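A.B. asks: Those protein sequence lines, which keep their order, are chains A and B. Position in the first sequence (first residue = 1) + 50 = this note's numbering. Position in the second sequence (first residue = 1) + 50 = this note's numbering.
There are 2 protein chains.
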Amino acid sequence: MGSGNAGQPAADPVVPLAHRVPDLGALELLLAVARLGSLGRAARERGISQPAASSRLRSMEQQLGVALVERSPRGSRLTDAGALVTDWARQVVEAAEAFDAGAQALRGRRDSRLRVAASMTIAEYLLPGWLIALRTQRPDTAVSLLAGNSAAVAERLLAGEADLGFVEGLDVPAGLDGAVIGHDRLVVVAAPAHPWARRRTELTAAELAATPLILRERGSGTRQVLDAALAGHGGLAAPLLELASTTAVKAAAVSGAGPSVLSELAVGEELAARRLVEVPVLGTRFSRDLRAVWPAGQRPAGPARQLLGLTRALP
Amino acid sequence: MGSGNAGQPAADPVVPLAHRVPDLGALELLLAVARLGSLGRAARERGISQPAASSRLRSMEQQLGVALVERSPRGSRLTDAGALVTDWARQVVEAAEAFDAGAQALRGRRDSRLRVAASMTIAEYLLPGWLIALRTQRPDTAVSLLAGNSAAVAERLLAGEADLGFVEGLDVPAGLDGAVIGHDRLVVVAAPAHPWARRRTELTAAELAATPLILRERGSGTRQVLDAALAGHGGLAAPLLELASTTAVKAAAVSGAGPSVLSELAVGEELAARRLVEVPVLGTRFSRDLRAVWPAGQRPAGPARQLLGLTRALP
DNA sequence: ATGAGCCCATAAGGTGGGGTTATGGGTTCA
DNA sequence: TGAACCCATAACCCCACCTTATGGGCTCAT
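1. If you measure between the beta carbons of L156 of chain A and V116 of chain B, is that distance less than 8 Å?
2. So that I know if they touch, is there some Cβ in chain B lying closer than 8 Å to that of G179 of chain A?
3. State the CB to CB distance for the pair L208 of chain A and P345 of chain A, rounded to an integer number of angstroms; the pair is presumed to be in contact (CB under 8 Å).
4. Is there a Cβ from chain A that is less than 8 Å from the Cβ of E216 of chain B?
5. Could you tell me the alpha carbon to alpha carbon distance between L181 of chain A and L357 of chain A, rounded to whole angstroms?
6. R96 of chain A: buried (16+ other C-beta within 10 angstroms of its C-beta) or exposed?
7. Anything in the stretch 288-304 of chain A with a Cβ closer than 7 Å to a Cβ of chain B? List those residues in chain order, please.
8. When burial is assigned at 16 or more other CB atoms within 10 Å of the CB, is G285 of chain B buried or exposed?
9. Determine contact between the stretch 158-165 of chain B and the stretch 186-194 of chain B, defined as no fewer than three beta-carbon pairs at a distance below 8 Å.
10. To the nearest whole angstrom, what separates the beta carbons of L214 of chain B and P66 of chain B, a pair I think is in contact under 8 Å?
11. For a test of the three-state rule: what should DSSP assign to A168 of chain A, helix, strand or coil?
12. Suppose you measure from the CA of A131 of chain A to the CA of R273 of chain A; what does that come to, to the nearest Å?
13. Out of A:A92, A:S313 and A:L360, which one is the CA nearest neighbour of T297 of chain A?
14. Shorter than 8 Å from the beta carbon of F149 of chain B to some beta carbon of chain A?
15. Between the stretch 101-118 of chain A and the stretch 139-153 of chain A, do three or more beta carbon pairs fall short of 8 Å?
16. Am I right that E218 of chain B and G271 of chain B are in contact with their C-beta atoms under 8 Å? What's the rounded C-beta distance?
17. If we count the other Cβ atoms within 10 Å of its Cβ and call it buried at 16 or more, is G210 of chain B buried or exposed?
18. With H, G and I counted as helix, E and B as strand and the rest as coil, what does DSSP make of A229 of chain A?
19. Where does P189 of chain B land, buried or exposed, given buried means 16+ other C-beta within 10 angstroms?
20. With a threshold of 16 other CB atoms inside 10 Å of the CB of V71 of chain B, please say whether the residue is buried or exposed.
21. Short check: CB of L114 of chain A to CB of T129 of chain A, under 8 Å?
22. Return helix, strand or coil for V217 of chain B, following the three-state DSSP convention.
23. Which residue from A:L280, A:L77 and A:L360 puts its Cα closest to that of A260 of chain A?
24. CA-CA distance, A82 of chain B and D221 of chain A?
25. Work out the CA separation of A153 of chain B and V135 of chain A for me, nearest whole Å.
26. Along the chain, where does the alpha helix (DSSP H) that runs through S200 of chain A open and close?
27. If you draw a straight line from the alpha carbon of A302 of chain A to that of P289 of chain A, how long is it in whole angstroms?
28. Over the uninterrupted alpha helix (DSSP H) stretch that includes R94 of chain A, give me the two end residues.
29. Which residues in the same chain as S337 of chain B place their Cβ atom closer than 8 Å to its Cβ, once the five residues preceding and following it in sequence are excluded?
30. Mind reading off the beta-carbon distance from A167 of chain B to R206 of chain B? Whole number of angstroms is fine, and I expect it under 8 Å.
31. Alpha carbon to alpha carbon, how far is E292 of chain A from R127 of chain B?
32. Which residues in chain B sit within 9 Å of V309 of chain A, going by Cβ to Cβ distance?
33. For S169 of chain B, which residues of its own chain have a beta-carbon under 8 Å away from its beta-carbon, when the five flanking residues on both sides are left out?
34. Beta-carbon separation of V238 of chain B and V329 of chain B under 8 Å?
35. How is the alpha helix (DSSP H) around V275 of chain B delimited, first residue to last?
36. In three-state terms, what does DSSP make of G125 of chain A?
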């Protein structure tokens, strides 16, 4: 099934993305040039030689087919296009920083200063940002992250193997205290081409329950909330597809395989770009609280307290 | 490694980000493995050999210090950590796709099928997403982008050098028709350590006007709105810093140099992660419409109409 | 049970992108 | 007019990533 298959949508690029987008080093260099106003200065900050910076930037311009900086004997300024590209580059670099913060926590060992246990959705979409913020305040705080469902989070906390937990369930697990730090909403989404995207009337809960959906595997927090909410409407139909990760579910929904229900946090990007469309549902609000939790009676202190403070400005 | 350095204030990484984060090719490979469930299949899709994929993935795991996939004689599945990393990777890849879509439009020539002129904020934060969406619907539509202020956008449209424009001004430029496609709000932001971040009372407009801010250069749309809104409150004080790009302004604000006023679109990320804090302002709403515009009487058709349709689901 | 057809791993060898140092020419300013 | 910035070019080096060739484990149909 190598070539000539029909169903595959806009999948395999002829020339891969990695060849059309400069690598992270080049993007960081561009940001440094924008900030410092000189190739040499930027090179020094990034720890490379000035000719290396010069050639790197030049090949980036060639690759993009756009002049990015105006070089002069007394410095370099961004062109108009360069300013635009620089801001796009910053988005990529920020995503990479979140990746790095998350990965670092994931590899963190037991002796970390701060051990966090978090549910999947929170670990995926919120925690990396918090860790970046924490790093700017306390650069030397080593953080370890363990991701799992609510029960696993509670278990770790009660066993003394984690200092702070985050859960997205409907209630606080027994033995834990908690504080609501934000809210999450489940949204019904479909590809723009799907009939549901063009409905002019709201979906009824019963209709939703009766329709096969693309879902995460049984046991995911999202699915539990959905199950509970639709229990009174005939129960959830057998899934159209059952996939292992949010990523996979989104990809399937975008490609038009069918409608899905996902956290607002997960599909913000897709909705904004109209790769997915939200389908309003009558009456039912698939809302759930996001909570920080800790062993009952033991108020978070030290790094845990600081991280808790960072989480209070949620969307 | 990584232990040893003490006070380094998160500025220039000792070991650069590019060395701690796998490159785009590796991240795309990981996404393909997650989707297809097999190294060999993923390798084929990405157009490389199976050993290359195997070794690439292995070195990524080594770099991150985390096992990402469980290999078995009948395929590979993501580990729990791998699922998390894959979702973080997807964020990076999506940002890179936006970068690519934007860069491609920027290099687009005059003979493109669809010529767009857009103001800076829209070009920076919204257009790339729209272009990605457009590409999935009409892969063969070549788009060119020209970014400038409202006057420049109007000029291009009236000269017949652009098919569709986007502006964020307060009114529709003369000679053009338009439709509101969304709204943008200017927010006052400060670093979490700034006194304003801890205020319990709302800022007055007069107070804001009297305080030196970090701003874009004169002429930016953001600054015009701000000027107009504060004209009745003593006028804007001389800026604390005047920088050339939104990126630079944000960086300065995050580093604590002072308060700034920026589009909500530009600082969403920073607010969510608490790298910046919004400072409420009494009474005044710095709101502005986002509009699609076209020459009066000439309703958009063809690709322009299609793009217009994509923009109707704004935040 | 046995070969086909997947899966993945290891080994050995090529190539080019990105790095380096060395050098030179332009502008600004004390 | 020399010092101190800016940037560019040239010649060289290295390793990260690719390739092809090969082998072993699991599953399944014949």
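By construction, the Cβ of each residue, glycine as well, lies at the ideal position given by its N, Cα and C atoms. Note that the coordinates shown come from a computational prediction; the quantities given were computed from them, not determined experimentally.
C.D. replies: So, from the listed chains and residues:
1. yes
2. yes
3. 6 Å
4. Looking at the sequence shown, residue 216 of chain B is not Glu but Phe. Judged by the 8 Å Cβ criterion, F216 of chain B is not in contact with chain A.
5. 8 Å
6. buried
7. A294, S295, T296, T297, A298 and A301
8. exposed
9. yes
10. Going by Cβ atoms, the distance from L214 of chain B to P66 of chain B rounds to 40 Å, so no, they are not a contact pair.
11. strand
12. 45 Å
13. A:S313
14. yes
15. no
16. 5 Å
17. exposed
18. strand
19. exposed
20. buried
21. no
22. strand
23. A:L280
24. 36 Å
25. 7 Å
26. S200 to L208
27. 13 Å
28. L89 to R96
29. H233, D234, R235 and L236
30. 4 Å
31. 14 Å
32. Position check: residue 309 of chain A holds Pro in this sequence, whereas Val was assumed. Simply none; closest approach about 16 Å.
33. A197, G198, N199, S200, V203, F216, V217, E218, G219 and G271
34. yes
35. G271 to L280
36. strand
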